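The structure under discussion appears below in the form of structure tokens.
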Amino acid sequence: MTTPTLLELEKELHALGPTLEPSTTLCIDIIKEVCERSALRRPDLVLRCGQALLFGSRKKEALSRLGNSVWDFYEYLLRAALDLNHNVLAGKCLEILQNKFGDTLRVKKLEALALEGAGEFEQALAIYDDLIEMHPTDAICYKRKVAIYKSQNLLAESVQALNKYLQIYQNDLEAYEELADIYLTLGDYKSALFCIEEMILSSPENYIFHLKYADILYTIGDFRNARKYYSQSLNINSENNTRALFGLYLTCKALGSGEKLNRELSALTKQKLVQQYEKSGNKEMAKLLNNALESLVE
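The opening position of the sequence shown corresponds to residue 49 in our numbering, with each subsequent residue numbered one higher.
Structure follows, in structure tokens:
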């Protein structure tokens with residue numbers, strides 16, 4: 049028998065309308081599909097089905113059918129409730145898990161998440177600090193600390209937390225990229241460049257990393273090195289890299305036409321940019337772009 053897709057299950061749920069109680073089987077199937085088999089984050093579906101199981105007329109039967117996975121169910125429902133700002137329901141689920149498992153690592157993380165949802169950031173941070181002291185390599189605790197600091201625009205604290213995390217997880221490119229973005233917000237271009245250098249070393253074939261590096265070099269006026277990295281970005285991806293084309297054009301203009309290479313690259317990048325708009329069928333926009341590029345002075 050073929051397992052129904054999430055779309056099919058969702059259609060079946062919506063067909064009931066907002067008032068009819070969905071069946072236990074449908075609710076369990078949807079929660080398992082969303083939380084265990086699908087990459088989608090659908091707290092709306094988990095919340096409706098979870099509430100039907102927890103508070104519906106067939107609660108006893110539903111919880112019995114879940115068996116040992118009932119504890120996973122409470123965690124799924126807790127997370128969905130937090131996503132949709134149902135803090136009372138999240139607190140109820142947390143209390144059930146605490147009564148069953150006590151202050152385990154997993155439950156303490158959920159407690160900290162619930163505190164975040166309630167806006168109790170200092171208490172949440174205190175829990176994460178305690179957990180890091182007991183489990184120094186726990187990546188989630190570091191990342192949650194960064195998320196809290198960023199949500200409050202505490203950028204210096206975000207930098208400190210990310211740097212501590214990267215001392216342990218040195219190959220996390222997303223963390224380096226996040227740290228680079230914060231440094232850029234703070235105007236610390238040198239530190240941002242260092243972060244992107246680490247990203248390029250780990251993934252030299254990623255044209256976006258070369259492009260980001262070139263953008264920063266252009267911003268600080270290092271046009272010659274910016275030209276190199278825009279060119280490398282285009283070497284890796286020449287088909288769909290308009291931003292690097294435009295960056296290279298501006299860089300060559302900034303360097304001036306006295307050098308033959310700059311003249312040649314300016315002409316080539318302008319031609320490629322205009323051609324991209326012409327290929328899309330927008331000839332009027334291509335004409336406007338050509339005029340705009342011509343008007344840029346060195």
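Glycine included, every Cβ here is placed at the ideal spot set by N, Cα and C.
Since we're looking at a predicted model, the values are computed, not measured.
CA nearest to the CA of residue i, picked from the options
| i | options | result |
| --- | --- | --- |
| THR185 | LEU158, ILE256, GLN218 | GLN218 |
| GLU253 | SER286, TYR231, LEU241, ALA274 | SER286 |
| GLY98 | LEU125, ARG85, SER343, SER86 | LEU125 |
| ILE79 | LEU102, GLN215, GLU332, THR299 | LEU102 |
| TYR266 | CYS300, TYR255, VAL136 | CYS300 |
| LEU114 | LYS156, THR73, GLY167, ILE284 | THR73 |
| ARG96 | GLU143, ARG291, SER250, ASP77 | ASP77 |
| TYR325 | ASN289, LEU303, GLY304 | ASN289 |
| SER251 | ASN283, LEU232, TYR278, LEU221 | LEU221 |
| LEU298 | ILE230, GLU342, LEU241 | GLU342 |
| LEU344 | LEU249, ALA302, GLU312, LYS308 | ALA302 |
| MET182 | THR67, ASP151, ILE264 | ASP151 |
Span of the alpha helix (DSSP H), counted from its first residue to its last, around residue i
| i | result |
| --- | --- |
| ALA304 | Before going on, a small fix: residue 304 reads as Gly here, not Ala. Note, GLY304: premise wrong, no alpha helix (DSSP H); not H, not E. |
| ASP178 | 169–182 |
| ASP263 | 255–267 |
| ASP77 | 72–80 |
| ARG275 | 271–284 |
| ILE67 | The amino acid occupying residue 67 in the given sequence is Thr; Ile does not appear at that position. THR67 -> no alpha helix (DSSP H), and no H or E assigned at all. |
Nonlocal neighbours in the same chain, by C-beta distance under 6 Å from residue i, ignoring five residues either side
| i | result |
| --- | --- |
| ILE268 | TYR237 |
| ASN35 | Residue numbering for the chain in the displayed model covers 49 to 346; residue 35 lies beyond these limits and cannot be assessed. |
| ARG106 | THR72 |
| ASP131 | PRO91 |
Neighbourhood of residue i by C-beta, 8 Å cutoff - its chain only, sequence neighbours within 5 removed
| i | result |
| --- | --- |
| LEU163 | PHE169, GLN171, ALA172, ILE175 |
| SER314 | TYR297, CYS300, LYS301, SER305 |
| ILE284 | GLU253, ASN254, TYR255, HIS258 |
Spatial distance of residue i from residue j (CA atoms)
| i | j | result |
| --- | --- | --- |
| GLY165 | LYS327 | 49 Å |
| ARG192 | ALA160 | 9 Å |
| THR317 | ALA100 | 60 Å |
| ALA228 | ARG85 | 33 Å |
| GLU225 | LYS198 | 14 Å |
| ASN211 | GLN146 | 32 Å |
| LEU94 | LEU202 | Here residue 94 is Val; the residue named in the question, Leu, does not match the sequence. Cα to Cα, the separation comes out at about 32 Å. |
| GLU69 | GLU58 | 14 Å |
| GLU205 | VAL194 | 8 Å |
| LEU153 | ALA129 | 20 Å |
| ALA87 | LYS320 | 38 Å |
Cβ neighbours of residue i in the same chain (closer than 7 Å, five flanking residues each side left out)
| i | result |
| --- | --- |
| SER281 | TYR255, HIS258, LEU259, ALA262, ASN289, ALA292 |
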